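Structure first, then comments.
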Amino acid sequence: MYGEGPAVCLGSDIDTDLIIAGRYLRTKDRRIWSEHVFEDLDPTLAERIRGAVIVAGRNMGCGSSREQAVIALREAGVVGVVAPSFARIFFRNAINVGLPVIEADIPCVEGAFVRFDLDEGWVEVNGQRRPAAPLSRRMVEILRAGGLVPYWRSRR
Amino acid sequence: MQHHAAGALRDSAVVQGGLLTMGTLSERILGAPAGEYVNREVDVAFAHDGTGVLVRETLREMGVERLPHPERVRLIFDHIVPANTGTTATLQKELREFACACGIPLSDVGGGICHQVMSEGVVLPGQIVVGADSHTCTLGAFGAFATGVGATDMAAIWASGATWFRVPPTIGLHLDGRFTGAAEAKDLALACVGALGMEGATYRALEFVGDGAADISMAGRLTLCNMAVEAGAKTGIFYADAVTLRYLAGFGLSVGVQAPEECCYEREIAFDLADIVPLVAAPHRVDNVRPVTDVAGTPLDQVFVGTCTNGRYEDLERFARIVRGGTVAVRTLVVPASRRVLQRAIETGVLAEIVAAGCIVAPPGCGPCLGAHMGVIGEGEVCLSTANRNFRNRMGVGGEVYLASVATAAASALAGEIAVPEEI
Numbered sequence: 596m597y598g599e600g601p602a603v604c605l606g607s608d609i610d611t612d613l614i615i616a617g618r619y620l621r622t623k624d625r626r627i628w629s630e631h632v633f634e635d636l637d638p639t640l641a642e643r644i645r646g647a648v649i650v651a652g653r654n655m656g657c658g659s660s661r662e663q664a665v666i667a668l669r670e671a672g673v674v675g676v677v678a679p680s681f682a683r684i685f686f687r688n689a690i691n692v693g694l695p696v697i698e699a700d701i702p703c704v705e706g707a708f709v710r711f712d713l714d715e716g717w718v719e720v721n722g723q724r725r726p727a728a729p730l731s732r733r734m735v736e737i738l739r740a741g742g743l744v745p746y747w748r749s750r751r
Numbered sequence: 010m011q012h013h014a015a016g017a018l019r020d021s022a023v024v025q026g027g028l029l030t031m032g033t034l035s036e037r038i039l040g041a042p043a044g045e046y047v048n049r050e051v052d053v054a055f056a057h058d059g060t061g062v063l064v065r066e067t068l069r070e071m072g073v074e075r076l077p078h079p080e081r082v083r084l085i086f087d088h089i090v091p092a093n094t095g096t097t098a099t100l101q102k103e104l105r106e107f108a109c110a111c112g113i114p115l116s117d118v119g120g121g122i123c124h125q126v127m128s129e130g131v132v133l134p135g136q137i138v139v140g141a142d143s144h145t146c147t148l149g150a151f152g153a154f155a156t157g158v159g160a161t162d163m164a165a166i167w168a169s170g171a172t173w174f175r176v177p178p179t180i181g182l183h184l185d186g187r188f189t190g191a192a193e194a195k196d197l198a199l200a201c202v203g204a205l206g207m208e209g210a211t212y213r214a215l216e217f218v219g220d221g222a223a224d225i226s227m228a229g230r231l232t233l234c235n236m237a238v239e240a241g242a243k244t245g246i247f248y249a250d251a252v253t254l255r256y257l258a259g260f261g262l263s264v265g266v267q268a269p270e271e272c273c274y275e276r277e278i279a280f281d282l283a284d285i286v287p288l289v290a291a292p293h294r295v296d297n298v299r300p301v302t303d304v305a306g307t308p309l310d311q312v313f314v315g316t317c318t319n320g321r322y323e324d325l326e327r328f329a330r331i332v333r334g335g336t337v338a339v340r341t342l343v344v345p346a347s348r349r350v351l352q353r354a355i356e357t358g359v360l361a362e363i364v365a366a367g368c369i370v371a372p373p374g375c376g377p378c379l380g381a382h383m384g385v386i387g388e389g390e391v392c393l394s395t396a397n398r399n400f401r402n403r404m405g406v407g408g409e410v411y412l413a414s415v416a417t418a419a420a421s422a423l424a425g426e427i428a429v430p431e432e433i
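Line by line, the protein sequences give chains A and B. Numbered by this note's numbering, the letters in the first sequence go through residues 596 to 751 in order. Numbered by this note's numbering, the letters in the second sequence go through residues 10 to 433 in order.
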């Protein structure tokens, strides 16, 4: 599971209300979530995260269990999310929708080139490599399948 | 009674299987030591109108039409109730039809908040409980292992009856003494989050033990476990004891107690309840905890009493006792956590006192807590709320939220500004 893209830096304790506000939850239209992603934090982020790797601070994705948050990030074209620690429901949700999450402590430089490899367990910012916390084999299989739904279908 | 049987079976299965009789309560219920990954059948698996829509969509994508155990599943409409727009109404209609087609028991609009409804004779000690809502940890108050999951996880759980867990290490919270003055369980919950920080317990369970824990009512335990997730915890958990038994007996259920065994806490924190004073979590972080005295006099635009943290009968009764005979000086919204809570407040006259004091009473549900419906605050407005989250823009874009106890909410409602509650 390899990914790369320019870094978009975020702070610590980014809650899921900030990723997608409660007022946008009443829909099944995934485009609405990606259009309004991070709207209350920085309205320019929705464009900037396309094809990018988010490098966040500690406790990424805390708060509400809303899966719309990880779907919004995926639909907005985020390649992966790197953070020194994640809120556990966000982490699980991300894997379930096929959004790579990389637990690693690495300094972020806006726009720097980020690469990660989840099979080998590393992440690089501007060529500086750091180890990433290993995922269970099942998590990697789910990610590789593109999420829990395709994983489920492939095993039926 | 099927849930009683399920709980009893799980307990005996753990013992008979010889898996684990020692350890923290989470380790004993999950049947493995901290750090291990386990696959477990779940006893109760619920979603609400917000997450349920995604669960249903995901099941459709998975090609699942029949659920193997619909009796373990619950759908509860609480987030936007009654529906506010045509879109919401249509989503709820589809979810209602889905529940009917799959044989899922539904608590429709007006029944109450999912965690409260589940606390009214559904969840039992020893069970494994998952909810598609982050505050599912509330139900650990019964000595169950209860935790929140996302919608895709829930779809897989409804489809298969089981899921995987990583058994969490546990932080032991030793409670001694009794609350004094106007302090209550909510103030202790804020003190815990303040002490741990917003990620101080990530991936961990918080186990409440000690003589002080035994004195805390079921309502107080539910409040404490509810806020475990605000420190990042996977669950908050109390041992089922005489208080639990008495509470469940009120629902015609009989269960056994759980006794702490020798176990290994990753870390221990002690609280003397007598030292707890009324606290607030000031904007915009739940761990921005300070004594109410530090922020007393802050002008308010709204007071909100309710939610899965503090919308229970005991909360309404405490609130009424303080505002009784007075008139609130600020827009004050009171939202009972469930129909049962509302009914009891009507029968005892508590609701009449709340209305007579000038409060607005809204139907049971989550109310304006997540800023989506009924009681949302405007740009620059300040709300003191008994809820559990004060994130930026949570209750309305540009608003500020202070989290506090019921007594602080009542004193502040009467004063029109943040006020220190007096001993009651």
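We treat Cβ as the ideally placed atom computed from N, Cα and C, and that holds for glycine. In this text the structure is predicted, and so the values were computed from the model without any measurement.
Cα-Cα separation, residue i to residue j
| i | j | result |
| --- | --- | --- |
| B:L412 | B:G384 | 16 angstroms |
| B:G320 | B:A240 | 21 angstroms |
| A:A651 | A:C703 | 8 angstroms |
| B:N93 | B:A346 | 19 angstroms |
| B:R353 | B:Y322 | 7 angstroms |
| B:A98 | B:V139 | 26 angstroms |
| B:H78 | B:I113 | 9 angstroms |
| B:F400 | B:L379 | 10 angstroms |
| B:L257 | A:I684 | 30 angstroms |
| B:L254 | B:T232 | 18 angstroms |
| B:R327 | B:V415 | 7 angstroms |
| B:V47 | B:L342 | 43 angstroms |
| A:V718 | A:I701 | 8 angstroms |
| B:G159 | A:V744 | 13 angstroms |
| B:L282 | B:K195 | 12 angstroms |
| A:E715 | B:D284 | 50 angstroms |
| B:V24 | B:E270 | With a pLDDT of 33 at B:V24, under the threshold of 50, the modelled position of this residue cannot be trusted, and the question is left open. |
| B:H57 | A:D610 | 20 angstroms |
| B:P430 | B:C392 | 17 angstroms |
| B:S35 | B:R276 | 15 angstroms |
| B:A366 | B:I180 | 42 angstroms |
| B:L18 | A:V720 | Note that B:L18 scores a pLDDT of 36, beneath 50, so its modelled location is shaky; the value from the coordinates is reported in the next line. Cα to Cα, the separation comes out at about 52 angstroms. |
| B:G120 | A:I644 | 41 angstroms |
| A:W628 | B:P287 | 39 angstroms |
| A:G742 | A:V692 | 4 angstroms |
Residue i burial status per 10 Å Cβ neighbour count (16 or more: buried)
| i | result |
| --- | --- |
| B:C273 | exposed |
| B:T172 | buried |
| A:A602 | buried |
| B:C368 | buried |
| B:V266 | exposed |
| A:Y597 | exposed |
| B:G261 | exposed |
| B:G358 | exposed |
| B:A110 | exposed |
| A:E705 | exposed |
| A:M655 | buried |
| A:P726 | exposed |
| B:G389 | exposed |
| B:I427 | buried |
| B:E74 | exposed |
Distance between beta carbons of residue j and residue i, contact taken as under 8 angstroms
| i | j | result |
| --- | --- | --- |
| A:A543 | A:V677 | Residue 543 of chain A is absent from the model: chain A starts at 596 and stops at 751. |
| B:A237 | B:G245 | 3 angstroms |
| B:C375 | B:T318 | Contact doesn't hold; Cβ gap of about 11 angstroms is too wide. |
| A:W747 | B:A165 | 6 angstroms |
| A:I614 | A:V632 | 6 angstroms |
| B:T96 | A:T622 | 6 angstroms |
Closer than 6 angstroms: residue i CB and nearest the ligand SAH heavy atom
| i | result |
| --- | --- |
| B:D250 | The ligand SAH is not part of this structure, which contains no ligands at all. |
The segment 599–613 of chain A: positions lying closer than 9 angstroms to chain B by Cβ: Answer set for the segment 599–613 of chain A: S607, D608, D610, T611, D612 and L613.
Stretch pair the segment 129–143 of chain B + the segment 95–106 of chain B: three plus CB contacts closer than 8 angstroms: No contact exists between the segment 129–143 of chain B and the segment 95–106 of chain B.
Meets three-Cβ-pair contact criterion under 8 angstroms: the segment 204–213 of chain B and the segment 299–319 of chain B: Taking a contact to require three or more Cβ pairs closer than 8 angstroms, the segment 204–213 of chain B and the segment 299–319 of chain B do not qualify as touching.
Meets three-Cβ-pair contact criterion under 8 angstroms: the segment 43–56 of chain B and the segment 157–172 of chain B: yes
Near-chain A residues of the segment 45–66 of chain B - C-beta to any C-beta below 8 angstroms: Y46, G59, T60, V62, L63 and E66
Members of the segment 675–689 of chain A near chain B, C-beta cut-off 7 angstroms: With the criterion set as a beta carbon lying under 7 angstroms from some beta carbon of chain B, the members of the segment 675–689 of chain A are S680, A682, R683, I684, R687 and N688, in sequence order.
Contact between the segment 141–154 of chain B and the segment 67–74 of chain B (3+ Cβ pairs under 8 angstroms): no
Cβ-based contacts, 7 angstroms cut-off: residues of the segment 95–115 of chain B near chain A: Answer set for the segment 95–115 of chain B: T96, T97 and L100.
Any 3 or more C-beta pairs closer than 8 angstroms across the segment 679–693 of chain A and the segment 182–200 of chain B: Flag = no, the segment 679–693 of chain A and the segment 182–200 of chain B do not touch.
Contacting positions in the segment 135–147 of chain B - beta carbon closer than 7 angstroms to chain D: The structure shown has no chain D; the protein chains it does contain are A and B.
Residues of the segment 719–748 of chain A whose Cβ lies closer than 8 angstroms to any Cβ of chain B, in chain order: S731, R733, G742, L743, V744, W747 and R748
Selection of the segment 608–642 of chain A by Cβ proximity to chain B, strictly under 8 angstroms: D608, D610, D612, L613, A616, G617, R618, L620, R621, T622, K623 and D635
Contacting positions in the segment 222–244 of chain B - beta carbon closer than 7 angstroms to chain A: G241 and K243
Interfacial residues, the segment 696–710 of chain A to chain B, with Cβ spacing under 9 angstroms: none
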